[in-house]
Amino acid sequence: MELFKHLPLFPESASTVAGKVDAIYFFGIFLSAFFSLLIAVLVVAFAVKFRRRHPDAYGVPEKTSTPLELTWSIIPLLISLFLFGWGVKVFIEVNQAPSNAIEYTAVGKQWMWKFKHPEGNREINDLHVPMGTPIRMKMTSEDVIHSFFIPAFRIKRDVLPGRYSEVWFEATKPGVYHLFCAEFCGAEHSRMIGSVHVMEPAAYEAWLQGKEPGQTAVASGEELFKSLACITCHRGDAGSRGPILANLDGGEVELANGQVVKSDDAYLRESILNPRAKIVKGYEPLMPSYQGQVTEEQILSLIRYLKEINQKVADAGDATPAAETQTAANEG
Ligand code: CUA
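Convert by adding 52 to the 1-based position in the sequence shown; the result is the number in my numbering.
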């Protein structure tokens, strides 16, 4: 809304969804203001018009009018339905990352934000992103509940320990924007702030070039897969003691108790930290827990690596070479 752009109370709008969120917000505000004003004016006007004119006056019984009652029922109903439909549309847009979104990760911790770029760069409290690229932020917390809030992008999402949450954005304007923690998380909650640096794609590339990239999530996941000796049991051949991890399908896993579960991030995370919670059909509960041995960032890397080897299998388009792909990926 042009009108409000220069109001210091209102945050800048710098993402693809910001304008849509604002439009719905202002529509709601104007609608409420219009009806509040209308009602207030009518209350006063009717109070004057129908005032008691002399001491003996008494009221007249009301006449009912069906068309009038229908009108004041149907109009608000239509307005509410319109607002609801519009809200759902924007809600879905804000919550559903486009399929080409690039995954970054964020780990919240008392009292800082730790970011990892897909290229492997790490940052704390500062986040550099390219303009015009949809970015999916996969987030978790090392301790308590935090909340990832970038007012200029109109996005806010809770970040929970033991769970993954996601939020996405596509920045539309270069600049530096506030990042807040929007959930009271302890003594220094108010200092858990950061800056999002939106850069032109070329400038972002130059920034990346100028930095030591560090390991990508896939590479560190692969390294962990070996160093934690996951590979000794999840060898990927038919005789291995652990399930073939390159065969997750991104879909479903059948458990020893007959239950079928989705092999999503939450399932993978649980299987690393509490392997006995869900035993895959045909395997013994042999795996030790890795609770306390891996950080949240390492778990994110492991999951990213598992997804990568599964993607390779999917790309190969055939389930049979799964074992080979995993072994190849492990050795690669
Ligand atoms: Cu983290 Cu408030």
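Each residue gets a CB set at the ideal place from its N, CA and C atoms; glycine is no exception.
Who are the near neighbours of residue i in its chain, counting only those whose CB is closer than 8 Å to its CB and skipping five residues on each side?
i      : result
ALA66  : ALA204, PHE205, ALA223, THR224, LYS225, GLY227, TYR229, VAL250
MET191 : THR157, ALA158, VAL159, GLY160, PHE200, ARG209, VAL211, TYR216, SER217, GLU218, VAL219
LEU338 : CYS285, ARG293, GLY294
LEU231 : TRP165, ASN177, LEU179, PHE200, PHE201, ILE202, ILE245, GLY246, SER247, VAL248
TYR319 : VAL305, VAL313, LYS330
LYS115 : none
ASN326 : SER341, GLN343
Any heavy atom of ligand 1 within a distance shorter than 8 Å of the CB on residue i?
i      : result
SER247 : no
TRP138 : no
ALA158 : no
MET251 : no
HIS169 : no
VAL44  : Limits of the chain in this structure are 53 at one end and 384 at the other, which puts residue 44 out of reach.
VAL365 : no
GLU235 : yes
SER199 : yes
VAL196 : yes
MET244 : yes
TRP163 : yes
GLY238 : yes
HIS241 : yes
Cα separation between residue i and residue j?
i      : j      : result
VAL142 : LYS72  : 7 Å
LEU122 : LYS101 : 25 Å
PHE86  : PHE136 : 18 Å
PHE221 : ALA271 : 26 Å
GLY310 : GLU336 : 14 Å
ASN382 : PRO340 : Confidence at ASN382 is low in this model, with a pLDDT of 44, below 50, so the placement of that residue should be treated as unreliable; the coordinate-derived value is given next. Taking the straight line joining both Cα atoms gives about 20 Å.
ALA380 : ASP289 : For ALA380, the predicted structure reports a pLDDT of 43, less than 50, and the residue's modelled location is therefore unreliable. The matter cannot be settled from this model.
GLU252 : VAL96  : 56 Å
TRP259 : ALA149 : 25 Å
THR324 : ILE283 : Thr is not the amino acid found at residue 324; the sequence shown has Ile there. Their backbone Cα atoms lie some 13 Å apart in a straight line.
ARG243 : ILE126 : 49 Å
GLU235 : ILE207 : 14 Å
ILE144 : LEU133 : 16 Å
GLY273 : GLY344 : 17 Å
LEU61  : GLY214 : 36 Å
PHE277 : LEU83  : 57 Å
GLU194 : GLU240 : 16 Å
GLN363 : TRP124 : 57 Å
ASP367 : ASP317 : 20 Å
VAL346 : ASN147 : 30 Å
LEU129 : GLY184 : 39 Å
ALA70  : CYS233 : 19 Å
SER353 : ALA92  : 59 Å
LEU94  : SER88  : 10 Å
PRO170 : GLN162 : 24 Å
SER117 : PHE98  : 18 Å
ASN152 : LEU120 : 52 Å
VAL112 : HIS106 : 15 Å
THR372 : GLU264 : Any reading at THR372 must be qualified, since the residue scores a pLDDT of 48, below 50, and its modelled position is unreliable; the value itself is stated next. Taking the straight line from one Cα to the other gives about 39 Å.
ALA281 : VAL140 : 47 Å
GLN261 : PHE167 : 17 Å
LYS359 : HIS198 : 26 Å
ASP108 : ASP74  : 54 Å
ARG287 : SER279 : 14 Å
Please check the pair residue i and residue j, which I expect to be a contact at CB under 8 Å, by giving their CB distance rounded to whole angstroms.
i      : j      : result
ILE154 : ILE187 : 6 Å
ALA269 : ARG356 : 4 Å
ILE331 : LEU297 : No, ILE331 and LEU297 are not in contact; Cβ-Cβ is about 15 Å, not under 8 Å.
ILE351 : ARG321 : 6 Å
TRP138 : ILE76  : 6 Å
Leaving out the 5 sequence neighbours to the left and right, which residues in its chain are closer than 6 Å to residue i when beta-carbon positions are compared?
i      : result
GLY266 : GLY172, ASN173, ARG174
VAL196 : CYS237
GLU275 : none
PRO63  : PRO203, ALA204
GLU349 : VAL159
TYR110 : none
MET189 : TYR156, ALA158, VAL219
Please return the same chain residues whose Cβ sits closer than 7 Å to the Cβ of residue i, not counting the five positions on each side in sequence.
i      : result
PRO182 : MET251, PRO253, TYR256
LYS333 : GLU306, LEU307, ALA308
THR68  : GLU222, THR224
Go through the region 170-245 residue by residue and report every complete run of the beta strand (DSSP E) that reaches 3 residues or more, in order. 174-176, 178-182, 186-193, 198-202, 207-211, 217-222, 227-233
Fully enclosed by the region 299-335, which alpha helix (DSSP H) runs are 4 residues long or longer? 317-325
Residue ranges of each alpha helix (DSSP H) within the region 59-141, 4 or longer: 70-101
Can you list, in chain order, the stretches of the beta strand (DSSP E) that have 3 or more residues and sit fully within the region 343-367? none
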